[in-house]
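In my numbering, the protein residues as written are 565 to 834.
Below is one structure, written out as C-alpha cells; the observations come after it.
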Amino acid sequence: MGQKLMNKFIIAVFIFFLSINFSYPDSITIQSTTSTRDSGLYKYLLPKYPKFDSVQIKLIAVGTGQAIVNAKNCDGNILIVHDKEREDEFMANGFGSSRYNIMYNDFVIVGPKKDAAEIKGAESVLEVFTKIYTKKHIFVSRSDSSGTHSAEMNIWDNIGLDPTASSGKWYLESGQGMGPSLNIAISLNGYIFSDRSTWLRFNNKGDHIILYSNPVELRNSYSMILVNHDKCKNLNLKPARDLYDWLKSDEAASLIEGYKVSDQQVFYIP
C-alpha cells in the first residue's frame, strides 16, 4: 500500500511540473521592419513593457513589403513599418483596425570619404542621385521591397531616371536587408541609401561616412498598425491591444525619445 501511495505521489508531482512547463503565456507577434530591429530599439524598449514578463513577444523583422504580406496572412498582431502608400492600402482593405504614427527618423546617403561623385555639399537629394547616376559610381540598392527601397525608388522617379537599366553594372541590387547591403557598399567602395539609425549602430563602417543628410527632406516615418483580429481569428486580441496601447502611451514615447546610439538620439515622436 505504501508503494502505491508513493507511485501516486510521484505521478501527481510529474503532472504538476508538466502543467508548469507547458503553460505558455499570452503570445504577441510583431511584424517589423529590419531597420527598427537593427537600431537596437526593441531590445531597449520591449523589456520595459509592464507586462513583459507575463507575455511572450515574438519579433519578426523583415522588409516592410514582406512584413505587410505576413500580417495579411494573419502571422502577426502588430505591424511596424514605414511605407505610407502600402500602409494606406493595408488599412483600406480592412487588414488593420487601427494605425498610429509612432515615431520618425531620417534617411541619409552614405559613401566613401573620398567622395568621387562629389555629393557632399549638394543642395538636395535629387542632385545627389543625379550626380551618382551621371558619373556611374557604384550604388548599392536594397531592392528588397522594403520601406527604404521604396523611398529610394521614389527619389529616382522624381528625377525621371531609371537606374535599374544599369543593374549589375554600377547599380547593384542586393535583395538583402540594410546591414548586408551596407557591407556590400563598403566592400565595393560604393554609395548607399540608408536609414540613420541602422548606420549609427553599424560596426563595419570602414572608410564610409554620411555624405548627405537633410532630416526634413528625407524624413522617415514609422507607423504602428493593430492587425484586424476580426479577419484573423487565430490571433488573441487582448494581449495585442494591451501592448499596442502601451506603445502609444506617453511612457513609451519618452522611452523612444530617450534611446541613443553613440550618444545620439535615434528616433523622434511626431
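Here a beta-carbon is modelled for each residue, glycine too, at the ideal position from N, C-alpha and C.
Predicted model, so just to flag it, every value in this text is computed and none were measured.
State the DSSP-derived secondary structure class of residue i, mapped to helix, strand or coil.
i    : result
P611 : helix
I756 : strand
T597 : coil
L807 : helix
N665 : strand
S587 : Reliability of the predicted coordinates at S587 is poor, the pLDDT of 43 falling under 50, and the value obtained from them is presented with this limitation in mind. In the structure shown, S587 sits in coil (DSSP, three-state: anything other than H, G, I, E or B).
R765 : helix
R706 : coil
S730 : helix
I743 : Position check: residue 743 holds Gly in this sequence, whereas Ile was assumed. G743 falls in the helix class under three-state DSSP.
Under 8 Å, do residue i and residue j count as touching if we go by C-beta distance?
i    : j    : result
S709 : S599 : no
I756 : V689 : no
I753 : I673 : Ile is not the amino acid found at residue 753; the sequence shown has Asn there. No.
I666 : L811 : yes
Measuring CA to CA, which of the options is closest to residue i?
i    : options                : result
Q828 : R765, I666, I642       : R765
D726 : G770, T694, I750, R706 : T694
T628 : N784, D814, D794       : N784
L746 : G732, K733, N768       : N768
G675 : I642, A656, I748, S738 : I748
K648 : Y786, G658, Y823       : Y786
Quick check on residue i: buried or exposed, where buried means 16 or more other Cβ atoms within 10 Å of its Cβ?
i    : result
P614 : exposed
A804 : buried
I696 : buried
A729 : exposed
On the DSSP letters alone, give me the boundaries of the alpha helix (DSSP H) that residue i sits inside.
i    : result
E737 : Note, E737: premise wrong, no alpha helix (DSSP H); beta strand (DSSP E) at 735–737.
V633 : 628–636
Got a sec, what are the start and stop residues for the beta strand (DSSP E) residue i sits in?
i    : result
H772 : 772–777
D794 : Looking at the DSSP string, D794 is not in any beta strand (DSSP E), and its letter there is neither H nor E.
L643 : 642–645
For chain E, find out if any of its Cβ atoms is closer than 8 Å to the Cβ of residue i; answer yes or no.
i    : result
L605 : The displayed structure is made up of one protein chain only, and chain E is not part of it.
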